[in-house]
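Here is the structure we will look at, set down as structure tokens.
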Amino acid sequence: MNIENAQIQMRKGILEFCILHIISRGEVYATNMLEELTAAHMMVVEGTLYPILTRLKNAGLVEYKWVESPSGPPRKYYSLTPTGFESLDKLRETWHELATSTNQIINHTQLTGQS
């Protein structure tokens, strides 16, 4: 098993969920999302973030608006659509179920000393 590849796949699996969660807090600029994801060690680069944002927009989960910037070109600010909020709620439920199940397995292994 390639551990590094497994770690990357795990991060990719929850990346859209994390992006939706960040956007759910209010209108946000892509650079701010990238900064938060990087600070959380999700290891995201612009080349990863923008295709996901486009996919989420095409799925009707996010929308954006252009806002003039005093220090450069206009910026796209993203927000969730009503469908995006519904999807985020479903993903949040799934996350809690997976975390509970995974912790149950991990804690059982630790308690019994088996691997």
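Residue 1 is where the sequence shown starts when you use full-length UniProt numbering, and the numbers rise one by one after that.
Backbone N, C-alpha and C fix where the C-beta goes; we use that ideal spot for every residue, glycine too.
Residue i: which of the options sits nearest, CA to CA?
| i | options | result |
| --- | --- | --- |
| A59 | A40, P74, L80 | L80 |
| L56 | H21, S69, R11 | H21 |
| residue 123 | G47, Q7, C18 | In the structure as shown, the chain begins at 1 and stops at 115. Residue 123 is therefore absent and cannot be evaluated. |
| Y50 | E4, H96, Y78 | Y78 |
| N32 | P82, E4, H96, R75 | R75 |
Mapping DSSP to helix, strand and coil, what is residue i?
| i | result |
| --- | --- |
| L27 | It is Glu, not Leu, that sits at residue 27 in the sequence shown. E27: coil per DSSP, three-state reduction. |
Beta-carbon within less than 6 angstroms of residue i's beta-carbon, same chain only, minus the 5 sequence neighbours each way: which residues are those?
| i | result |
| --- | --- |
| G84 | L61, V62 |
Taking the continuous alpha helix (DSSP H) assigned at residue i, which residues delimit it?
| i | result |
| --- | --- |
| G47 | 46-58 |
Take the Cβ of residue i as the centre, count every other Cβ of all protein chains shown within 10 Å, and call the residue buried at 16 or more, exposed below.
| i | result |
| --- | --- |
| S101 | exposed |
| M1 | exposed |
| S87 | buried |
| V28 | buried |
| M10 | exposed |
| L98 | exposed |
| M43 | exposed |
Taking the continuous beta strand (DSSP E) assigned at residue i, which residues delimit it?
| i | result |
| --- | --- |
| P74 | 72-80 |
Near residue i, which residues of its chain fall below 8 angstroms by C-beta distance, leaving aside the five closest residues on each side in sequence?
| i | result |
| --- | --- |
| E36 | I22 |
| I52 | L15, E16, I19 |
Let me see if you follow: with CB-CB separation under 9 angstroms, is residue i close to chain B or not?
| i | result |
| --- | --- |
| F85 | Going by chain labels, chain B is absent from the structure shown, which holds only one protein chain. |
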